């Protein structure tokens, strides 16, 4: 008598089981006060989350003999673990991976929240709403993918593809490097993921995010001559010079880096932008014309331009303005000036950049991964509307440059990302679970 055909994967795995998901997420959010990443004030201990993940998967792991999951913790700094989990497939070289579920969070000030950010709570009128720091970014995704891997370990479906999950440390701050996914890539621990689509699970709103922006933090310092405000003709007003210089630099930037033709294809909400976000100066009285000041801001760059090229161009702009102060910048009023010939004194501009320059990414719209994600999203969510933003995600461009087929998605809420009163919806996470199962099923159906 012939044996019965195996049940389709989605039937065998089922949906996201609420009690198990909530139980794990509650443990993770309960650690979030010690996961805040803002050194030196807050140094996260991702190992706290890593251990909860390992404990949840241990019953269906090779460690206990209770299941096929191969679970490995990898640490490059004390208390700051990554976790790699593999459900082994039967065909070498076939793999699908879910990466980027990070175990650190941005800081939260409890006095500014309507509920405790460091414990999982429920809206009294809406049980679908799960509240706490990290529910959307990104502990909710840690619990979600953790439950996916646990369920595979329980059901033990026969898969050609290995399914690999990588939970990472240190996503929210780039002042420390080499201890998260960058360390794993450097050590070759993710090399086998290159043979299949890699889904970076750290965006929001249940739709494929197909493009992100690069980010260049900059500081424009103007040095003039401090003097009494009643004798303005004796001063070089650093504030006026800096404002006019920034205006000129922005004009040149937008001329050299205009909206790119590919931005429409990728549905970017905005083109590349350069804008000030912060002023600083040493201080002084209202009757003193400041001798120096600094304007700081950032550039958000669509991935069709090179961040290194932009940095070089900005340096060129500033050098040219310094050499042609008399004509390059407008003045403000009859005695406003940036050069004092009688004193052989010229104002001067200096532009510097922080070390955490990030490159944007444009996902491959022809890849297996993208097509599978779109089909799964339409099937489960009911519609598919890929989008791009000039918000920045660290690390994924580097993965793409290393040869990975990177696609991005997420099932939290963009409106609560890094925000006060962060929350996610269980129903959204449940759809994310079904999307993942659909992706695996599609890849399994390929010849």
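Numbering (our numbering), first residue to last: 5 to 451.
Using N, Cα and C, we set each Cβ at its ideal position, and we do this for glycine too.
Since the model is a prediction, treat every value here as computed from it, not as a measurement.
- About 17 Å separates the Cβ atoms of residue 20 and residue 56, ruling out a contact at the 8 Å cut-off.
- The alpha carbon of residue 389 has as its nearest neighbour, out of 93, 433, 210, the alpha carbon of 210.
- Note: residue 213 is bridge-paired with 391, 412 in the DSSP secondary-structure output.
- The Cβ atoms of residue 37 and residue 171 do not sit closer than 8 Å to each other.
- Shown here for residue 14: same chain residues with a beta carbon closer than 8 Å to its own, the five before and five after excluded, namely 438, 441, 442, 445 in chain order.
- Rounded to the nearest whole angstrom, the CA to CA distance from residue 100 to residue 410 is 11 Å.
- Every alpha helix (DSSP H) stretch that sits fully inside the segment 258-333 and reaches 4 residues is listed by chain position as 266-269, 311-327, 329-332.
- Remark: C-beta atoms of residue 364 and residue 141 do not approach each other more closely than 8 Å.
- DSSP, read as helix, strand or coil, puts residue 90 in strand.
- The residues 291, in chain order, have a CB closer than 8 Å to that of residue 234 in the same chain once the five nearest residues on each side in sequence are set aside.
- Separation of residue 59 and residue 375 (C-alpha to C-alpha, rounded to the nearest whole angstrom) is 34 Å.
- For residue 219, the uninterrupted beta strand (DSSP E) segment begins and ends at 218-227.
- With fewer than 16 other beta carbons inside 10 angstroms of its own, residue 94 counts as exposed.
- For the options 322, 149, 119, the alpha carbon positioned closest to that of residue 136 is the one of 119.
- The three-state reading of DSSP puts residue 153 in helix, counting H, G and I together.
- Taking all protein chains in view, the Cβ of residue 154 is crowded by 16 or more other Cβ atoms within 10 Å, so the residue is classified as buried.
- Each of 85, 113, 343, 78 was checked against the Cα of residue 46, and the nearest Cα belongs to 113.
- Its Cα nearest to that of residue 394, the residue 263 stands out among 263, 125, 382, 384.
- Per DSSP, reduced to three states, the secondary structure at residue 379 is helical.
- Of 201, 295, 241, 357, the smallest CA-CA separation from residue 407 is found for 201.
- Counting of Cβ neighbours within 10 angstroms places residue 273 among the exposed residues, the total staying below 16.
- A Cβ-Cβ separation of about 6 Å places residue 160 in contact with residue 72 under the 8 Å criterion.
- Straight through space, the alpha carbons of residue 139 and residue 426 are spaced by roughly 7 Å.
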